[in-house]
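Residue numbers (full-length UniProt numbering), protein chains in the order written: chain A, 1 to 209; chain B, 1 to 209. Using N, Cα and C, we set each Cβ at its ideal position, and we do this for glycine too. Everything numeric in this text was worked out from a predicted model, so none of it was measured. Encoded as structure tokens, the structure appears first; notes follow it.
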């Protein structure tokens, strides 16, 4: 099902190259065959190396999955950080763009690959710290934009850290790997309506007594 | 694992009583043994009746599950409708109480019963219309309270139907059977902070250009 790479590995491959090839192959297996059915032997065979060589780089399938997930997460984090730090754009516009990116990324990554959620579920149950770290870092990016908007008078959020957690939790339906695939689209507000609603909350700030 | 009911069925049991006993027993099985492992034969045996007699009332295990889920849903809906219609209470206070009820109900029902989610997942995949109907009716109750608050000047929500969908979607982390059990508590905003945030959105209403 997963073809061998077309070219044999170069003679003078570095450790980092090998690591990278293992992860790329593992990710294809996890996406196409599923985390549960993939074995370290499958990955090694496709790469024309011994399982022992794969184990030189990764202790276990769990360790490979953590590295694959960390790589995906790293890409997502880099993308939203770049949006957050874009100069001369209103905080509201940056926040909107980050939320739309997170949604599109989740939809693109998880729908159409029905086995992809296995690796995420494995990470959530076996490697919770990797996931929690990711959620914390996304929330930190949201917080940075909200704090910037508050400093410039765009938002009235009193505590940007709490507001960021609220926004991130409120959009879980649009970004969570399982919910994105499971919940029918027609049944939640359109993402635009949700974003407009959340922006209202950020502009409103705490109740004026 | 599931003991037989202590008393034998009364001699002159009505159809409605029998239906009710089947559902009560099925619910205990689904909660304690899990939907997947429960058979109609188990339920019949515990009730000291033949499987054929159970089938007189319900076509299939799926039909039993739909009726069990519908009963749970009916209770939840009745409770929140009662809160929504309580006279002389501000819309914000009623909305807060409904959200707190939905969260506590989900936590109480699903945590501590690790197999309980099987029946919900079965309902979500096999009987989606039952679930969708439930979500629609909860959203309708939220909408009624929001519209009332808007009419009385408490909220500025322009479209209470859209606002209700946004509120319901925003609290999915606190009410969804799977997320309530799966996500660690310390990692989302406290429910109070989330409610305060959403109330800000409802008071703010659409952007003033």
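Cβ-Cβ separation, residue j to residue i (assumed contact under 8 Å), whole Å
| i | j | result |
| --- | --- | --- |
| residue 27 of chain A | residue 68 of chain A | 5 Å |
| residue 171 of chain B | residue 199 of chain B | About 12 Å separates the two Cβ atoms, so there is no contact after all. |
| residue 191 of chain B | residue 103 of chain B | 6 Å |
| residue 51 of chain B | residue 106 of chain B | That belief does not hold up - the Cβ atoms of residue 51 of chain B and residue 106 of chain B are roughly 33 Å apart, past 8 Å. |
| residue 204 of chain A | residue 204 of chain B | 4 Å |
| residue 154 of chain A | residue 91 of chain A | 5 Å |
| residue 44 of chain B | residue 53 of chain B | 7 Å |
| residue 167 of chain A | residue 117 of chain A | Contact flag wrong, Cβ pair sits at about 24 Å. |
Neighbourhood of residue i by C-beta, 7 Å cutoff - its chain only, sequence neighbours within 5 removed
| i | result |
| --- | --- |
| residue 101 of chain A | 79, 80, 83 |
| residue 131 of chain A | 123, 124 |
| residue 163 of chain B | 146, 157, 202 |
| residue 175 of chain A | 102, 103, 106 |
| residue 18 of chain A | 57 |
| residue 134 of chain B | 73 |
| residue 20 of chain A | none |
Sequence-distant residues of the same chain with beta carbon closer than 8 Å to residue i, five excluded per side
| i | result |
| --- | --- |
| residue 189 of chain A | 197 |
| residue 138 of chain A | 76, 77, 80, 102, 168 |
| residue 55 of chain B | 40 |
| residue 109 of chain A | 72, 116, 177 |
Cβ shell of residue i (< 6 Å), same chain only, five flanking positions each side left out
| i | result |
| --- | --- |
| residue 147 of chain B | 160 |
| residue 141 of chain B | 80, 81, 84 |
| residue 119 of chain A | 30, 35, 65 |
| residue 62 of chain B | 126 |
| residue 5 of chain A | Low per-residue confidence applies at residue 5 of chain A: pLDDT is 49, beneath 50, and the placement is therefore not dependable enough to give any value. |
| residue 58 of chain A | 64 |
| residue 97 of chain B | 83 |
| residue 95 of chain A | 145 |
| residue 60 of chain A | none |
| residue 121 of chain A | none |
Buried/exposed call for residue i, threshold 16 Cβ in 10 Å
| i | result |
| --- | --- |
| residue 285 of chain B | There is simply no residue 285 of chain B to check, as chain B begins at 1 and stops at 209 in what is shown. |
| residue 173 of chain A | buried |
| residue 149 of chain B | buried |
| residue 89 of chain A | exposed |
| residue 14 of chain A | exposed |
| residue 25 of chain A | buried |
| residue 71 of chain A | exposed |
| residue 165 of chain A | buried |
| residue 38 of chain A | buried |
| residue 211 of chain B | With chain B represented from 1 up to 209, any question about residue 211 of chain B goes unanswered, as that position is not in the structure. |
| residue 86 of chain B | exposed |
| residue 209 of chain A | Low per-residue confidence applies at residue 209 of chain A: pLDDT is 43, beneath 50, and the placement is therefore not dependable, though the value from the model is reported in the following sentence. Counting Cβ neighbours within 10 Å, residue 209 of chain A comes out exposed, since fewer than 16 surround it. |
| residue 169 of chain A | buried |
| residue 111 of chain A | exposed |
Contacts of residue i in chain E (Cβ-Cβ under 8 Å)
| i | result |
| --- | --- |
| residue 56 of chain A | Although the question refers to chain E, the structure presented lacks it and instead comprises the protein chains A and B. |
beta-carbon residue i near the ligand PLP non-hydrogen atom, thresh 7 Å
| i | result |
| --- | --- |
| residue 94 of chain A | The ligand PLP is not part of the structure shown, which contains no ligands of any sort. |
Self-check item: Within 9 Å of chain A by C-beta, residues of the segment 169-185 of chain B in sequence order
Solution: 169, 170, 171, 172, 173, 174, 176, 178, 179, 182, 183, 184
Quiz prompt | beta strand (DSSP E) runs contained entirely in the UniProt domain "HTH tetR-type" (16-76) of chain B, provided each spans 3 or more residues | solution = With a minimum length of 3 residues, no continuous beta strand (DSSP E) run stays inside the UniProt domain "HTH tetR-type" (16-76) of chain B.
Quiz item: Mind pulling the alpha helix (DSSP H) runs of 4 or more residues that sit fully within the segment 109-184 of chain A?
Solution: Qualifying alpha helix (DSSP H) stretches, in chain order: 116-126, 128-151, 160-170, 172-175, 177-182.
Quiz prompt | Cβ-based contacts, 8 Å cut-off: residues of the segment 115-129 of chain B near chain A | solution = Identification of residues in the segment 115-129 of chain B having a C-beta nearer than 8 Å to some C-beta of chain A yields 124, 128, given in sequence order.
Quiz prompt | Contact set between the segment 147-169 of chain A and chain B, restricted to residues whose Cβ is under 7 Å from the partner | solution = 162, 163, 165, 166, 169
Quiz item: Taking any Cβ of chain A, which residues in the segment 187-200 of chain B have a Cβ under 9 Å from it, in chain order?
Solution: 187, 188, 189, 190, 193, 194, 196, 197, 198, 199, 200
Quiz item: Which residues, in order along the UniProt domain "HTH tetR-type" (16-76) of chain B, keep a beta-carbon less than 8 Å from a beta-carbon of chain A?
Solution: none
Quiz item: Just by C-beta distance, which residues in the segment 94-105 of chain A are closer than 8 Å to chain B?
Solution: none
Quiz prompt | Contiguous alpha helix (DSSP H) assignments of at least 4 residues, all confined to the segment 77-111 of chain B | solution = 91-110
Self-check item: Near-chain B residues of the segment 136-147 of chain A - C-beta to any C-beta below 7 Å
Solution: The segment 136-147 of chain A vs chain B, Cβ under 7 Å: nothing.
Exercise. Name, going along the chain, the residues of the segment 77-90 of chain A whose beta-carbon falls closer than 8 Å to a beta-carbon of chain B.
Key: none
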